[in-house]
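Heads up: take any position in the sequence shown, counting from 1, add 66, and you land on this note's numbering.
Cβ atoms here follow ideal geometry from the backbone N, Cα and C, with glycine treated the same way.
All of these numbers come straight from a predicted model, not from anything done at the bench.
Report on one structure; see the data block that follows.
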Amino acid sequence: MLNEQLINPKNIVIVGGSNDIKKPGGKIVKNLIEGGFNGRVQVVNPKETKVQGLISVSSVSKIPETDLAILAIPARFCLETIKVLVEQKNTKAFIIISAGFAEAGEKGKSIENEIVKLVNSVDGCLIGPNCIGVLNENYKGVFTSPIPKYYSDGCDLISGSGATAVFIMEAGAPLGVKFANVYSVGNGAQTSVEDVLESMDLHYQHGEDPPIKLLYLETIANPQKLLKHASSLIKKGAKIAAIKAGSTAEGSRAATSHTGAIASSDVTVRALFKKAGIVYCSSREDLLSVASIFNYKELQGKNIAIITHAGGSAVMLADELSKGGMHIPTIEGPDADKLKTFLHPGSSVSNPIDFLATGTAEQLGIIIDYCEHKYDFIDAMVVVFGSPGLFDVENVYNVLSVKLDVCKKPIFPVLPSVVNAHKEIKIFLDKGNVNFPDEVVLGKALAQVYKTPKPISEKVDLPEIDSEAIRTIIESVEDGYLGPRNTAKLLDAAGIPRVKEVFESDKEKLLSKFEKKNFPLVMKVIGPLHKSDVKGVILNITTMKKAAKAFDKLMQIKHARGVLAQPMIPGLELFVGVNKEDKFNHTIVCGLGGVFVEILKDISAGLSPLSKPEIRKMISSLRGYKMLQGARGKKGVNIEIFEDIIHRVSALVEVAPEIIEMDMNPLIGNPKDISAVDVRIRVEK
Numbered sequence: 067m068l069n070e071q072l073i074n075p076k077n078i079v080i081v082g083g084s085n086d087i088k089k090p091g092g093k094i095v096k097n098l099i100e101g102g103f104n105g106r107v108q109v110v111n112p113k114e115t116k117v118q119g120l121i122s123v124s125s126v127s128k129i130p131e132t133d134l135a136i137l138a139i140p141a142r143f144c145l146e147t148i149k150v151l152v153e154q155k156n157t158k159a160f161i162i163i164s165a166g167f168a169e170a171g172e173k174g175k176s177i178e179n180e181i182v183k184l185v186n187s188v189d190g191c192l193i194g195p196n197c198i199g200v201l202n203e204n205y206k207g208v209f210t211s212p213i214p215k216y217y218s219d220g221c222d223l224i225s226g227s228g229a230t231a232v233f234i235m236e237a238g239a240p241l242g243v244k245f246a247n248v249y250s251v252g253n254g255a256q257t258s259v260e261d262v263l264e265s266m267d268l269h270y271q272h273g274e275d276p277p278i279k280l281l282y283l284e285t286i287a288n289p290q291k292l293l294k295h296a297s298s299l300i301k302k303g304a305k306i307a308a309i310k311a312g313s314t315a316e317g318s319r320a321a322t323s324h325t326g327a328i329a330s331s332d333v334t335v336r337a338l339f340k341k342a343g344i345v346y347c348s349s350r351e352d353l354l355s356v357a358s359i360f361n362y363k364e365l366q367g368k369n370i371a372i373i374t375h376a377g378g379s380a381v382m383l384a385d386e387l388s389k390g391g392m393h394i395p396t397i398e399g400p401d402a403d404k405l406k407t408f409l410h411p412g413s414s415v416s417n418p419i420d421f422l423a424t425g426t427a428e429q430l431g432i433i434i435d436y437c438e439h440k441y442d443f444i445d446a447m448v449v450v451f452g453s454p455g456l457f458d459v460e461n462v463y464n465v466l467s468v469k470l471d472v473c474k475k476p477i478f479p480v481l482p483s484v485v486n487a488h489k490e491i492k493i494f495l496d497k498g499n500v501n502f503p504d505e506v507v508l509g510k511a512l513a514q515v516y517k518t519p520k521p522i523s524e525k526v527d528l529p530e531i532d533s534e535a536i537r538t539i540i541e542s543v544e545d546g547y548l549g550p551r552n553t554a555k556l557l558d559a560a561g562i563p564r565v566k567e568v569f570e571s572d573k574e575k576l577l578s579k580f581e582k583k584n585f586p587l588v589m590k591v592i593g594p595l596h597k598s599d600v601k602g603v604i605l606n607i608t609t610m611k612k613a614a615k616a617f618d619k620l621m622q623i624k625h626a627r628g629v630l631a632q633p634m635i636p637g638l639e640l641f642v643g644v645n646k647e648d649k650f651n652h653t654i655v656c657g658l659g660g661v662f663v664e665i666l667k668d669i670s671a672g673l674s675p676l677s678k679p680e681i682r683k684m685i686s687s688l689r690g691y692k693m694l695q696g697a698r699g700k701k702g703v704n705i706e707i708f709e710d711i712i713h714r715v716s717a718l719v720e721v722a723p724e725i726i727e728m729d730m731n732p733l734i735g736n737p738k739d740i741s742a743v744d745v746r747i748r749v750e751k
């Protein structure tokens, strides 16, 4: 938890401060002095008596009490230094710039752990080690540049990587993105990205504190804390966008089920972000584009008017918006005809509204007014206007700047001429505006922001299931995959409909349970993990003789333990799966089943516990949703039953968190009912 000594220290000591501003310790001293810190700054350097005009002493034992210590010394000296500061100098806030701790091996990790114990013993706060430091309104405690001006309505940036934080600030400045507080947590030995976010949430006052939070995460140490405080902040009026790097390492592992292969770390992180209301970004460019969108009025619908004097840019933007599920509606009728009379011959108003390279500031203003007042079906405007070199565009950008303020609908400016109109763009940004130099990047980000749902309520109502029976089964089994009988019992206890089945390792016992009304059958080998890979599924068995022959064939497959027989039922194949990542709640995925889940990978994911509205959005977001509804003369499925099955799966894993993988592929669905046909469940206690 951040404390007052870290946020607003009255005095700071830089241990390892120097006159050499090419070294971290020297640059921190320079940044603190030039940043206007109003308190006492003390330097510790045994080789210097004066550092950049400040008195320097040889040891921390010779300084007065201090609130905050910034350490830029070798890792091996940090533990003893902090011990003196904690025990003798009443220091309760620490920023360790130095590297060479947990990231360097076991010895460094041991030192890091001892430092955390010391800091915790006095209820202190530690940022780092292995970080660039902290920037806020009160002091500039970093060794890097640029040092952005503090804006109370700017973006808070919390980063697990110091270098990435610098790159984000560097790239944001030319766009007009403003910054407030910047926390680089490095190793996050005591204070993680989630901890900083928690502190911001607990003290957040909308209208007073920075409303935009940007996160760069390399690890998520506490997913529940991230979910809780991100959701809380967004409900209070804040907006959050985040990058989660390194999401594919787990996903590249050799998976033992369809779910394990598909529900990778990246899918789980996306599900967490969606539940919290965080906009998922895959790059610094995406993050800054989303931050720029956050700076403008909130988008209330997906109908976009593209206003441009560059046809090619408009086409690329329209393509990207359309791919993201946004809509560029046709503009026509009397108002469109009237608008055209104000424009040069050859202009088009059908949307994109192209008013040519000779378009003027006055014409831009008229077009925006028509979109704002005449076209109720338009939710937002994107204005693409560069400089073709024919005339000065400052008047155009002045009109645009005014319209950004007075219009109720959001307007997103794409000003791509960063060379031809460099001066004019700077004037535009100096007025507090933000620019999107690339229309395609904007289009992608705009769709991502629009599709990100609001946070769900903390309480989720789940269906009633037989919790006692489920716990009895889970406690009675060993780790690993459940056998067919226990799998069936779990499904029945959870109220998940399944196809009636017979499992036997003895052929005569299996055949004795068949009657003519059971045919046609499907028979499957039990034992091998992927039945289709070993030709372990035989379909359309219509007689007892064929059943006997199929049994013999299946039992010859390596690792066969028995044969499962089920009646064949017609319908569309569906898929529901569960995967459990370390520290996260269960990820539940759904989609089209059978081989389609591997080939098309058309899946949607959510983090348990899932509410009914979340499940509906998961299903409706599938690319194959029209197939579920019924298309081209083919019957669909009962979507309400599909929702209920997913809801019951969520209830099941909440009662039995030991389920780490569950594969229901396929479920067979038709307009009347849906039944699980092939189910695999793996338990790890």
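Discussion item. Closest to E664 by C-alpha separation, out of N736, G92, H596, would be which residue?
Written reply: Residue nearest to E664 within the set N736, G92, H596 is H596 (criterion: CA-CA distance).
Worksheet item: Would you call the CB atoms of N69 and G190 closer than 9 Å?
Response: Cβ distance < 9 Å, so N69 and G190 count as in contact.
Worksheet entry | Buried or exposed by the 16-neighbour rule on C-beta atoms within 10 Å, applied to V745 | The residue is buried, with at least 16 neighbouring Cβ atoms inside 10 Å.
Worksheet entry | Local conformation of L365 per DSSP, three classes | In the displayed model, L365 falls within coil according to three-state DSSP, outside both helix and strand.
Discussion item. For A327 and I148, I'd like the C-alpha separation in whole angstroms.
Written reply: Reliability of the predicted coordinates at A327 is poor, the pLDDT of 44 falling under 50, and the value obtained from them is presented with this limitation in mind. Going by the C-alpha atoms only, they are around 46 Å apart.
Discussion item. When you compare the CB positions of L658 and M693, do they come within less than 9 Å of one another, or not?
Written reply: Contact flag set, yes.
Practice prompt. Return yes when the Cβ of G242 is within less than 9 Å of the Cβ of S358, no when it is not.
Written response: In contact: S358 and G242 (Cβ atoms closer than 9 Å).
Worksheet item: What separation, rounded to the nearest whole angstrom, lies between the Cα atoms of V448 and K751?
Response: If I take the Cα positions, the gap works out to 53 Å.
Worksheet entry | Cβ neighbour criterion (16 or more within 10 Å) applied to S323 | Because the pLDDT of S323 is 43, which lies under 50, any placement of that residue in the model is unreliable, and the number read from its coordinates should be weighed accordingly. Flag for S323 reads buried.
Item to complete: Keeping to the same chain, check which residues put their C-beta closer than 7 Å to that of Q429; ignore five residues upstream and five downstream.
Response: The residues are F408, L409, F421.
Discussion item. With H, G and I counted as helix, E and B as strand and the rest as coil, what does DSSP make of K113?
Written reply: DSSP, reduced to helix, strand and coil, places K113 outside both helices and strands of the structure shown, so it counts as coil.
Discussion item. I'd like to check one pair, N186 with L134: are the Cβ atoms closer than 9 Å?
Written reply: In terms of Cβ geometry, L134 and N186 do not form a close pair [threshold 9 Å].
Discussion item. Using C-beta distances below 6 Å, list every residue in its chain close to A806, excluding the 5 sequence neighbours before and after it, in chain order.
Written reply: Because residue 806 is not part of the residues shown, which for the chain are 67 to 751, the question remains open.
Item to complete: Count the C-beta pairs between the stretch 602-619 and the stretch 695-703 that are closer than 8 Å, then say yes if the count reaches three, no if not.
Response: Look at the beta carbons and you see the stretch 602-619 not touching the stretch 695-703: under three pairs across the two are nearer than 8 Å.
Item to complete: Report, in whole angstroms, the separation of the C-beta atoms of L192 and I177, which I expect to be a contact under 8 Å.
Response: Not quite, the Cβ-Cβ distance comes to about 13 Å (not below 8 Å), so this is no contact.
Worksheet item: Taking the C-alpha atoms as reference points, what is the distance between V126 and S227?
Response: Cα-Cα distance, rounded: 28 Å.
Worksheet entry | E727 and I747 closer than 9 Å at C-beta | Inclusion of E727 and I747 in the CB contact set at 9 Å is warranted, their separation being smaller than that value.
Item to complete: Could you round the C-beta distance between P75 and G105 to whole angstroms and report it? I think they count as a contact, below 8 Å.
Response: About 6 Å separates the beta carbons of P75 and G105, which is inside the 8 Å limit, making them a contact pair.
Practice prompt. Scan the stretch 133-185 and note each continuous beta strand (DSSP E) run of 3 residues or more that stays entirely inside, going in chain order.
Written response: Within the stretch 133-185, the complete beta strand (DSSP E) runs of at least 3 residues are 134-137, 159-162.
Fill in: Cβ-based burial, I80 [other Cβ within 10 Å; buried from 16]
The residue in question, I80, is buried, as its Cβ has 16 or more Cβ neighbours within 10 Å.
Worksheet item: Taking all protein chains shown into account, do 16 or more other C-beta atoms lie within 10 angstroms of the C-beta of I121, making it buried, or fewer, making it exposed?
Response: Of the residues assessed, I121 falls on the exposed side of the cut-off, its CB having fewer than 16 other CB atoms within 10 angstroms.
Practice prompt. Note down, in chain order, each residue of its chain lying with its Cβ closer than 8 Å to the Cβ of V565, except the 5 sequence neighbours on either side.
Written response: Same-chain partners within the cutoff: Q632, P633, I635, I734, S741, A742, V743.
Fill in: C-beta atoms of H295 and E264 nearer than 9 Å
Yes; because the gap between Cβ atoms is below 9 Å, this pair is in contact.
Worksheet item: Per DSSP, N645 is paired with what?
Response: Answer by DSSP bridge pairing, in chain order: T653, E727.
Worksheet item: What does a CB cutoff of less than 6 Å around G82 pick up in its chain, not counting 5 residues either side in sequence?
Response: The residues are G91, A138, I139.
Worksheet entry | Straight-line gap, L145 to A255 (C-alpha atoms, nearest Å) | Taking the straight line from one Cα to the other gives about 13 Å.
Practice prompt. Could you tell me which uninterrupted beta strand (DSSP E) segments, each at least 3 residues in length, are contained entirely in the stretch 473-534, listed from first to last along the chain?
Written response: Taking only runs of at least 3 residues, the beta strand (DSSP E) segments lying wholly in the stretch 473-534 are 477-480.
Worksheet item: Straight-line CA distance for L605 to S670?
Response: In this model, L605 and S670 are separated by some 29 Å (Cα to Cα).
Worksheet item: Is it right to say H652 is buried, meaning 16 or more other beta carbons lie within 10 angstroms of its own, or is it exposed?
Response: Counting Cβ neighbours within 10 Å, H652 comes out buried, since at least 16 surround it.
Worksheet item: Taking the alpha-carbon positions, what's the A321 to L365 distance?
Response: Here the model assigns A321 a pLDDT of 37, short of 50, so the residue's position is not dependable and the matter cannot be decided.
Practice prompt. Under the assumption that A231 contacts G391 (Cβ atoms under 8 Å), give the Cβ distance between them as a whole number of angstroms.
Written response: A231 to G391, Cβ: 32 Å. No contact.
Worksheet item: Based on Cα-Cα distance, which residue from I306, S467, A170 lies nearest to F478?
Response: Among I306, S467, A170, the Cα nearest to that of F478 is on S467.
Worksheet item: Residue range of the beta strand (DSSP E) that E570 falls in?
Response: For E570, the uninterrupted beta strand (DSSP E) run begins and ends at 568-570, by DSSP.
Item to complete: Taking the CB atoms as reference points, tell me whether P277 and G303 lie closer together than 9 Å.
Response: Contact: yes.
Discussion item. I want to know whether the stretch 515-532 touches the stretch 546-553 - three or more CB-CB distances under 8 Å.
Written reply: No, the stretch 515-532 does not touch the stretch 546-553.
Worksheet entry | For P529, the nearest candidate out of K440, T608, I562, V107 (CA to CA) | Comparing Cα positions, the closest option is I562.
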